[in-house]
Amino acid sequence: PYDYVWDNASKGAAGAGKAVIDCAKEWNSKLLTYVSSAGIYQPNDVFPMPETTPTKESAGQVQYENYAIESGLPFVSFRPQYIY
5 PYDYVWDNAS
15 KGAAGAGKAV
25 IDCAKEWNSK
35 LLTYVSSAGI
45 YQPNDVFPMP
55 ETTPTKESAG
65 QVQYENYAIE
75 SGLPFVSFRP
85 QYIY
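Heads up: the sequence shown begins at 5 in my numbering, then just goes up one per residue.
What follows is the structure in structure tokens.
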């Protein structure tokens, strides 16, 4: 088991994403950290974009974040603007 789980590859709450969250919960991990994407935000003309900007509920990353929160795990998500 792992105390800290870092996921920067999953794109949703199915398949590997679900497995990562479920394993972290089974291991009683102290923290699940997820690298999401600012692409989950609904488009607007505000810059810089605040974290309160509404998200696209259909985005896989939003579904991942929601599943992780519902699991009850200590959870943090980063939403960088660009990843290369």
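Just so you know, even glycine gets a beta-carbon here, dropped at the ideal spot from N, CA and C. Bear in mind the structure is a predicted one, so any value in this text is a computation, not a measurement.
Asked: The region 59-79 contacting the region 32-44, beta-carbon criterion three pairs below 8 Å; Found: yes
Asked: Element boundaries [beta strand (DSSP E), containing Ser81]; Found: 79-82
Asked: Meets three-Cβ-pair contact criterion under 8 Å: the region 12-21 and the region 59-72; Found: yes
Asked: Between the CA atoms of Asp7 and Asn32 - distance to the nearest angstrom; Found: 7 Å
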